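Engineer: Residue numbers (this note's numbering): 21 to 208. Even glycine gets a Cβ: it sits at the ideal position worked out from N, Cα and C. This structure is a prediction, so every number in the text was calculated from the model and none was measured. Starting off with a structure, shown below.
In structure tokens:
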């Protein structure tokens, strides 16, 4: 039960044991490149209980990703033991975005977490940049949205799709679009 790759994206072999099509790396135009095939192990290393994630490219925004967290484990905590899944990408130029699960295809109380990868003493650490549990939109007041997030060139980020608690899992649709003005309206 992994997550499916970006709609309309090219190639990639998907993600290990559960993902659909992975997103193509793209050429870095418009500032964000995730590239390649799926990621082989979780953010915190090769632990057997770590969900596999996938690398994505944000070259052609907006993009929509979909998946299902049913049967996955909780890797990141952040106050909840909800199953989660991540998307990894590297930013080539500063890019303001809105990230949301506000969609009629999202079936549970979602939480979004944005992590930035940093290297300390040769080891990767993951710093929380933003988090949201509930954001009112026309579909639900329990879907998550990260508004006006400035992604900084040269950094690698992870978007973690999680839930409110251990009973919060299911289908989600993740929308990533350029931030233009407030309020950030990303609804499908």
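If you follow the beta strand (DSSP E) that residue 148 is in, where does it begin and where does it stop?
Structural biologist: In the chain shown, residue 148 corresponds to position 128, counting from 1. Counting along the chain, the beta strand (DSSP E) containing residue 148 begins and ends at 143 to 152.
Engineer: In terms of residue numbering, what span does the beta strand (DSSP E) encompassing residue 133 cover?
Structural biologist: Translated into positions along the chain shown, residue 133 becomes position 113. Looking at the DSSP string, the run of the beta strand (DSSP E) that includes residue 133 is 130 to 140.
Engineer: What is the DSSP secondary structure of residue 52, counted as helix, strand or coil?
Structural biologist: Reading the chain shown from its first residue, position 32 is the one you call residue 52. Low local confidence applies: a pLDDT of 39 at residue 52 is under 50, so the model's placement there is unreliable, with the coordinate-based value given in what follows. Residue 52: strand per DSSP, three-state reduction.
Engineer: Could you pull out every unbroken beta strand (DSSP E) segment of at least 3 residues lying fully inside the region 83 to 121, listed in chain order?
Structural biologist: Segments of the beta strand (DSSP E) lying fully in the region 83 to 121: 83 to 88, 105 to 111 and 115 to 120.
Engineer: Quick one: what's got a C-beta closer than 6 Å to residue 176's C-beta in the same chain, skipping five residues either side?
Structural biologist: Working through the chain shown from its first residue, we reach residue 176 at position 156. So the qualifying residues of the chain are 110 and 137.
Engineer: At the level of alpha carbons, what is the spacing between residue 45 and residue 80?
Structural biologist: Counting from one through the chain shown, the residue named residue 45 turns up at place 25. Counting from one through the chain shown, the residue named residue 80 turns up at place 60. A caution first: residue 45 carries a pLDDT of 34, below 50, which makes its placement in the model unreliable, though a value can still be read off. Answer to the nearest angstrom: the Cα atoms are 11 Å apart.
Engineer: Quick check on DSSP: helix, strand or coil for residue 180?
Structural biologist: Within the chain shown, the letter at position 160 stands for residue 180. Three-state result, residue 180: strand.
Engineer: When the Cα of residue 107 is compared with those of 199, 140, 201 and 194, which residue comes out closest?
Structural biologist: Counted from its first residue, the chain shown places residue 107 at position 87. That would be 194, whose Cα lies nearest to the Cα of residue 107.
Engineer: Under the three-state reduction of DSSP, which class applies to residue 195: helix, strand or coil?
Structural biologist: As a working mapping, residue 195 is identified with position 175 in the chain shown. Strand, per DSSP.
Engineer: For residue 116, count neighbouring C-beta atoms within 10 Å of its own C-beta (all shown protein chains included) and say buried if the count is 16 or more, exposed if not.
Structural biologist: As a working mapping, residue 116 is identified with position 96 in the chain shown. So residue 116 counts as exposed.
Engineer: Counting only the same chain and skipping the five closest in sequence on each side, list residues whose C-beta sits under 6 Å from that of residue 178.
Structural biologist: As a position in the chain shown, residue 178 is number 158, starting the count at 1. So the list reads 63, 106, 108 and 135, once near-sequence residues are dropped.
Engineer: Measuring only the C-alpha atoms, how far is residue 148 from residue 133?
Structural biologist: As a working note, residue 148 is residue 128 in the chain shown. As a working note, residue 133 is residue 113 in the chain shown. Rounded to whole angstroms, residue 148 to residue 133 spans 7 Å at the Cα level.
Engineer: Residue 134 CB to nearest chain B CB: under 9 Å?
Structural biologist: Of the chains in the structure shown, none is chain B; there is only one protein chain.
Engineer: Give the range of the beta strand (DSSP E) segment to which residue 81 is assigned.
Structural biologist: Residue 81 sits at position 61 when you count from the first residue of the chain shown. Per DSSP, residue 81 belongs to no beta strand (DSSP E) and is neither H nor E.
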